[in-house]
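Asker: When the letters of the first sequence are read in order and numbered with this note's numbering, they come out as residues 2 to 226.
One structure, pasted below without further comment.
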Amino acid sequence: MNTANIHTWVMEPIQAIDLQRRLRKRLVFEDYAGQPELIAGVDVSFPSRDIALAVVVIMEFRSLRVIDYFHSVEKIDTPYIPGLLSFREGPPIVKALSKSPEVDLIFFDGHGIAHPRGIGIASHIGLFVEKPTIGIAKSLLYGELKGHPEEKGEKAPIHDPDGRLLGYAVCTRKGVKPVFVSPGNRITPESAVDLVLKTTGKYRIPEPTRQAHILTQELKDQLIL
DNA sequence: GCGACAG
DNA sequence: ATCTTGTCGC
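In structure tokens:
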């Protein structure tokens, strides 16, 4: 009997893949079309090979102003393997989220369901929270793109081999590579794109994730190793 | 066997 | 992700 649950992170790749196949069945495909008040952006940096620093930025949706942030530092032995990112960055992220206040929506650096087994980091971590999560990746991991958005606001669908919609490549700034948006949990591809565009300013990366990334780098330089 | 491969 | 300088373009 396998007693592995969502709180289990350390295991061999084969076991991790098996766990993903079981966990993806728990994902909820309902929609979230409300106007959030508080949102969060999550990112992770590595001050050294096996030390991960996760940051959760809390911001106000309407003003996109950073209200507060929380972080955690953890020793990580799990290597990075495409498709298993959540097993490497999950531990510090969940710990930082446990220190954070409740928000209405969370943005992650990586994919949601646009993943080989339909459960990227935004989806996996989405199972830990009771809120909608969105995955925003800087490059494609899985799925086929039909088109190339060129103007800000335009999007091109990402489909799996069977033609099912996984998410969208979204142009967040004219002339630059699009960001790949997919639902983490409890949200639809369309709403995810809508919220990404509403939280995008003058940069390619939406503010939640962008601010989290900036803080992750600044805090890294303040650590005494 | 070959190519692809989030951060 | 991380290691690293300058450089092309809006």
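We treat Cβ as the ideally placed atom computed from N, Cα and C, and that holds for glycine.
As the structure is a prediction and not an experimental result, all values here were calculated from the model.
What are the partner residues of T134, as DSSP defines its beta bridges?
Answerer: As a position in the first sequence, residue 134 is number 133, starting the count at 1. I107 and N186.
Asker: Is F181 helix, strand or coil when you go by DSSP?
Answerer: Start at 1 with the first residue of the first sequence, and residue 181 comes out as number 180. F181 falls in the strand class under three-state DSSP.
Asker: Taking C-beta to C-beta, are E75 and P92 nearer than 8 Å?
Answerer: Numbered from 1 along the first sequence, position 74 holds the residue referred to as residue 75. Numbered from 1 along the first sequence, position 91 holds the residue referred to as residue 92. Cβ atoms of E75 and P92: closer than 8 Å.
Asker: Quick one: what does DSSP say R211 is sitting in, helix, strand or coil?
Answerer: For the purposes of this step, residue 211 is taken as the residue at position 210 of the first sequence. Correct three-state label for R211: helix.
Asker: Counting Cβ pairs, one atom from each stretch, are 3 or more of them under 8 Å apart for the segment 127-142 and the segment 104-112?
Answerer: Taking 8 Å as the limit for Cβ pairs, the verdict is that the segment 104-112 does touch the segment 127-142.
Asker: The alpha helix (DSSP H) spanning S124 covers which residue range?
Answerer: As a first step, residue 124 must be located in the first sequence, where it is residue number 123. Residues I122 to G127.
Asker: Drop a sphere of 10 angstroms on the beta-carbon of T173, count the other beta-carbons inside from all chains shown, and report buried for 16 or more, exposed for fewer.
Answerer: For the purposes of this step, residue 173 is identified with residue 172 of the first sequence, where counting begins at 1. Per the 10 Å Cβ criterion, buried.
Asker: Expressed to the nearest angstrom, what Euclidean distance is found between the alpha-carbon atoms of V194 and P179?
Answerer: As a working mapping, residue 194 is identified with position 193 in the first sequence. As a working mapping, residue 179 is identified with position 178 in the first sequence. Their backbone Cα atoms lie some 12 Å apart in a straight line.
Asker: Alpha carbon to alpha carbon, what distance is there between L24 and E152?
Answerer: Here residue 152 refers to the residue found at position 151 of the first sequence. Here residue 24 refers to the residue found at position 23 of the first sequence. Straight-line Cα distance between these residues: approximately 36 Å.
Asker: For the pair the segment 193-212 and the segment 38-53, tell me if three or more CB-CB distances fall below 8 Å.
Answerer: Result yes; three or more Cβ-Cβ pairs closer than 8 Å.
Asker: Around the C-beta of T9, are 16 or more other C-beta atoms found within 10 angstroms, so that it is buried, or is it exposed?
Answerer: Within the first sequence, numbered from 1, the residue matching residue 9 stands at position 8. By the neighbour-count rule (16 or more Cβ atoms within 10 Å), T9 is not buried but exposed.
Asker: Taking the continuous beta strand (DSSP E) assigned at I52, which residues delimit it?
Answerer: Taking the first sequence and counting its residues from 1, the one referred to as residue 52 is at position 51. That run of the beta strand (DSSP E) goes I52 to E61.
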